[in-house]
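Everything in the sequence shown is counted per the numbering used here, starting at 18 for the first residue and increasing by one.
Where a beta carbon is used, it is the ideal one built from N, C-alpha and C, also for glycine.
Keep in mind it's a predicted model, so treat the numbers as computed, not measured.
The structure appears right after this line, and notes come after that.
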Amino acid sequence: MAVTKTEPINGSSNKPSSSSVSMKSDLMSALSLKSLKLKTKQQELLIRVSILCLVYVLAFITRLFSVLRYESMIHEFDPYFNYRTTLFLTEKGFYEFWNWFDSESWYPLGRIIGGTLYPGLMVTAAIMYWGLRFLRFAVHIREVCVLTAPFFASNTTLVAYFFGKEIWDTGAGLVAAVLIAICPGYISRSVAGSYDNEGVAIFALLLTFYLFVKAVNTGSLAWGLGSALGYFYMVSAWGGYVFIINLIPLYVLVLLITGRYSMRLYVAYNSMYVLGMLLAMQIRFVGFQHVQSGEHMAAMGVFFLMQGFYFLGWVKHLLGDKKKFEALLRIIVTCAVGVGAIALGVGTASGYISPWTGRFYSLLDPTYAKDHIPIIASVSEHQPTAWSSFMFDFHILLFLFPAGLYFCFKRLSDATIFIVMYGLTSMYFAGVMVRLILVATPAVCLISAIAVSATIKNLTTLLRTKSKVSQTGSTKGTSGGKGSSKALPDQSQPFQRNGAIALLFRCFLPAQQVCYTLYLGDLRGLLVSLNCLGCKGCPWKQGHL
18 MAVTKTEPIN GSSNKPSSSS VSMKSDLMSA LSLKSLKLKT KQQELLIRVS ILCLVYVLAF
78 ITRLFSVLRY ESMIHEFDPY FNYRTTLFLT EKGFYEFWNW FDSESWYPLG RIIGGTLYPG
138 LMVTAAIMYW GLRFLRFAVH IREVCVLTAP FFASNTTLVA YFFGKEIWDT GAGLVAAVLI
198 AICPGYISRS VAGSYDNEGV AIFALLLTFY LFVKAVNTGS LAWGLGSALG YFYMVSAWGG
258 YVFIINLIPL YVLVLLITGR YSMRLYVAYN SMYVLGMLLA MQIRFVGFQH VQSGEHMAAM
318 GVFFLMQGFY FLGWVKHLLG DKKKFEALLR IIVTCAVGVG AIALGVGTAS GYISPWTGRF
378 YSLLDPTYAK DHIPIIASVS EHQPTAWSSF MFDFHILLFL FPAGLYFCFK RLSDATIFIV
438 MYGLTSMYFA GVMVRLILVA TPAVCLISAI AVSATIKNLT TLLRTKSKVS QTGSTKGTSG
498 GKGSSKALPD QSQPFQRNGA IALLFRCFLP AQQVCYTLYL GDLRGLLVSL NCLGCKGCPW
558 KQGHL
């Protein structure tokens, strides 16, 4: 019996038809950015927004380990006290919370809640809870408290992006957002269930700095007032606001000394200081410390110094005579220094201006607390930081930080001077007190992001220049010696390229070796434990461990 070979209907073959191939090509083109018919800037904006959304989600989910692994709960003692006060706030209202005498705290004395805590964390969680209830979300206040820190950590990534973009470029902002989302130095204080002041304070700290730098760069009164509002939120949330009210005057003083005084700086600092001081006085726990505490006198002194600079500029414009102005300047400076010294001495002697606290002294002199206030030195968070803690909290950022400082000094501006001062001062304080690694983490991430962005930009520029030079040499190979000499690249470019590549290897290879050394022992122990599970007398199997 002969077997007849069946032919495909309509002359078709077993190969993929042209219609299916065209359908796949149409699908791929539909998924490409070109099909959206967007301009180059619009495509960049789309990619940038997509990266920020992914980083926002990444920062949130990396802090949910305890919730996903176990359950939603409040960790440690201070966060549980904060949760209890927030619960009272949502049930009784703000007025009752502000005047609440808690007989269960500091037993048997009791505690006046409104005058002994920073209410920013509780009010923030209560506002989010009321907002969710208004939108008909049936949530408990405990769930809001548990997820407050991860939510604000995600918001911090957005602030880090805008801050990095303001001080350097868009690439530095994106890298800073990624770094601060996964940096262990910040994750340790912003995990789910860690309902403490630091959970929202780092967001407020970075927001205040960003708005102030924006005000200095633009000279806008609106940005200055925005920085004052950010400072008020920081004061209401955490006692670390003292770092802000001393770093910003120090930055302004450096700009005045280096001859960078401008009307932009005058508007930014005055609007931030005056409104921020008035708003901070509304917090009962702070009160009149801005005008009575020695820790805040530097900000007031720089404020009067700014008025003196403005007054001298006005007088110089009116006089027009250089000799008369110099004589008047000597008289004014002598009188101002004398009056200021007398006022400070009288205020300190009369007790109106309180001296620095023990914590402030211990930051400037690490041995002060050990010799004079042992109770401060006994707290583990107030101990000096070990080198291993820097490596665990910063990892590769510890190697990128010096490179970022180099690029900042190479391109000095008002914004880069601020981030350099923020980074150096915070790293010094982090070395004195291990708790302040949290304050240094945003600065380290931003400066490291500048190093990554500048290095990649230099590498891409060198590669593009090399490709253009090679193309020019191939097309104009028959040209004269004069034309070929113009086409030769700069002799310093190979050195710059090799230097950039060496910088990358010097940053990544040591970090890789350290991480390999640290985690190899843990991996070996895990494998030994898994191998031990097969033993009959294994303590793991019997439940003794």
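The Cβ atoms of Val469 and Gly440 lie no closer than 8 Å to each other. By the neighbour-count criterion, in which 16 or more other beta carbons inside 10 Å mark a residue as buried, Tyr445 falls on the exposed side. Taking C-beta atoms under 8 Å as the contact rule, Ala177 and Leu69 fail to qualify, at a distance of about 10 Å. Spanning the alpha carbons of Tyr203 and Ala457 requires a straight line of approximately 9 Å. Glu93 sits exposed, since fewer than 16 C-beta atoms from the chains shown fall within 10 Å of its C-beta. Within its own chain, the residues whose Cβ lies closer than 8 Å to the Cβ of Arg80, once the five positions on either side in sequence are excluded, are Ala166, Pro167, Ala170, Ile204, Ser207, Val208, Ala209, listed in chain order. Contact annotation: the segment 132-148 touches the segment 92-110, with at least three C-beta pairs closer than 8 Å. Per DSSP, Ser67 is one residue of the alpha helix (DSSP H) stretching across 57-78. Looking at Ser367, Val449, Arg481, Phe435, the one whose alpha-carbon comes closest to that of Val271 is Phe435. Secondary structure at Asp95: helix, using DSSP grouped into helix, strand and coil. Around the beta carbon of Tyr423, fewer than 16 other beta carbons lie within 10 angstroms, which makes this residue exposed.
Following the DSSP letters along the chain, one finds Met289 inside the alpha helix (DSSP H) bounded by residues 280-297. Residue Gln324 holds the alpha-carbon nearest to the alpha-carbon of Val291 among Leu267, Gln324, Thr275, Leu273. For Asp186, there is no enclosing alpha helix (DSSP H), since its DSSP letter is neither H nor E. Residue state for Arg128 is assigned as strand, using DSSP reduced to three classes. Counting C-beta pairs with one atom in each stretch, the segment 122-133 and the segment 234-241 have fewer than three that are closer than 8 Å, which means they do not touch.
Residues Asn263, Pro266 of the same chain have their beta carbon placed closer than 6 Å to that of Ala315, with the five preceding and five following residues left out of the count. Taking all protein chains shown into account, Leu228 has 16 or more neighbouring C-beta atoms within 10 Å of its C-beta and is therefore buried. It is roughly 54 Å from the alpha-carbon of Tyr87 to the alpha-carbon of Thr365.
When C-alpha distances from Glu215 are compared across Thr489, Leu455, Ile467, the shortest belongs to Leu455. For Ala353, the enclosing alpha helix (DSSP H) starts and ends at 339-367. Residue nearest to Val284 within the set Ser67, Lys231, Trp147, Gly421 is Lys231 (criterion: CA-CA distance). The C-beta distance from Ala189 to Ile467 rounds to 5 Å, short enough to meet the 8 Å contact threshold.
Counting only runs of 3+ residues, no beta strand (DSSP E) is found wholly inside the segment 401-481. Spatial neighbours of Ser288 in its own chain (CB-CB distance under 6 Å, excluding positions within 5 residues in sequence) are listed in chain order as Leu238, Gly241, Leu242. Annotated as distal: Ile184 and Thr107, with beta-carbon spacing of 8 Å or more. Restricting attention to Glu160, Phe407, Val156, Leu329, the CA atom closest to the CA of Val84 is found in Glu160.
Within the model, the alpha-carbon separation for Trp255 versus Leu134 is close to 9 Å.
Shortest Cα-Cα distance from Pro96 to any of Thr57, Ile392, Val163 involves Val163. Between Val259 and Tyr286, the C-beta gap is not smaller than 8 Å, which leaves the two residues out of contact. By the neighbour-count criterion, in which a residue is buried when 16 or more other Cβ atoms sit within 10 angstroms of its Cβ, Leu336 is exposed. Under a 10 Å Cβ-count criterion, Leu479 is classified as buried, with 16 or more other Cβ atoms of the shown protein chains found around its own Cβ.
Between Arg65 and Leu191 the beta-carbon gap is near 7 Å, inside 8 Å, which marks them as a contact. If you draw a straight line from the Cα of Ser67 to the Cα of Leu463, it comes to about 20 Å. The beta carbon of Phe407 lies closer than 7 Å to those of Leu415 in the same chain, with the five residues before and after it left out.
If only complete runs of 3 or more residues are kept, the segment 148-206 shows no beta strand (DSSP E) anywhere.
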